[in-house]
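For reference, the structure is listed below as structure tokens.
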Amino acid sequence: MKFKNFKFRNIFFCCFLLLVSMLSFGQNRKSDEIILTDDGVILDLKGTFKINWDKSDSDVPCSAIEYGEMLFYPDNKDIVNGKAIVFKPRDFDYNNPDIYENNENYEKEAAKEEKIIAETLKKNFPEEYQKMQKIRKGEFEVAATVKIKKVLPYTECDFTTVYAQVTEIKKIDGTKSKITKLEVKKSDESDDFDEPHLDEAGYLREYRVNSKDGYGNMG
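So the sequence shown is residues -26 to -1, 1 to 193, counted in mature numbering (1 follows the signal peptide of the UniProt record, and there is no 0).
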């Protein structure tokens, strides 16, 4: 009888240790250590959220109009080998949007997506969004956390970019956003420019990076 009780206690103790170890593993494993897969799920990643936009160019290769690409660089460089993750804040069911080139709904889908992007930025980055409205061309960078529901290979521009459905973007508290704008200045000196053909309109455009309202320049 004592032997059975001893054996039962040992089995119970082993099961208890196993349960504790499983719980500990679940708590210690960081979500940003999950390696990206074609149909995987990544939650609560930390990294740098970037946007490069040009409101004057509606046909920039590999980017959407108005606000361009929404890029995310995870702190963990092992995820997508240090490459950027291209965000799409809505469901998607295709690998390459080129298949929609001849689709009559393509423009409607693009406009719908741009509206969602603008609403996402306005909701999560209201101060930055207001500044972006006043800047024709520039870059935006901020430390952020994101939740990604689904990822797919994205090969419109290259074979290393990852295309992802983002369900949440949040600015990390206490971090400072960076916004830069490029001003156009007329110049009479053409010797300082490497591309003389830019002077076809009668003047050269010299871009100067500026920052206002406490926002630092992006190096």
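No residue lacks a Cβ here, since even glycine has one placed at the ideal position from N, Cα and C. Note that the coordinates shown come from a computational prediction; the quantities given were computed from them, not determined experimentally.
{"query": "Buried or exposed by the 16-neighbour rule on C-beta atoms within 10 Å, applied to K150", "result": "exposed"}
{"query": "For I59 and K96, the rounded distance between their alpha carbons", "result": "21 Å"}
{"query": "Opening and closing residue of the beta strand (DSSP E) in which K62 lies", "result": "I59 to K62"}
{"query": "Exposure label - I90; buried when at least 16 CB within 10 Å", "result": "exposed"}
{"query": "Within 8 Å, strictly: CB atoms of N26 and E43", "result": "yes"}
{"query": "For V136, the nearest candidate out of E101, F23, D28 and F46 (CA to CA)", "result": "F46"}
{"query": "Residue range of the unbroken alpha helix (DSSP H) whose run includes E102", "result": "P100 to K108"}
{"query": "Residues near M(-5) by beta carbon distance below 8 Å, same chain, minus five either side", "result": "With a pLDDT of 42 at M(-5), under the threshold of 50, the predicted position of this residue should be treated as unreliable, though the coordinate-derived value follows. Here the set comprises nothing."}
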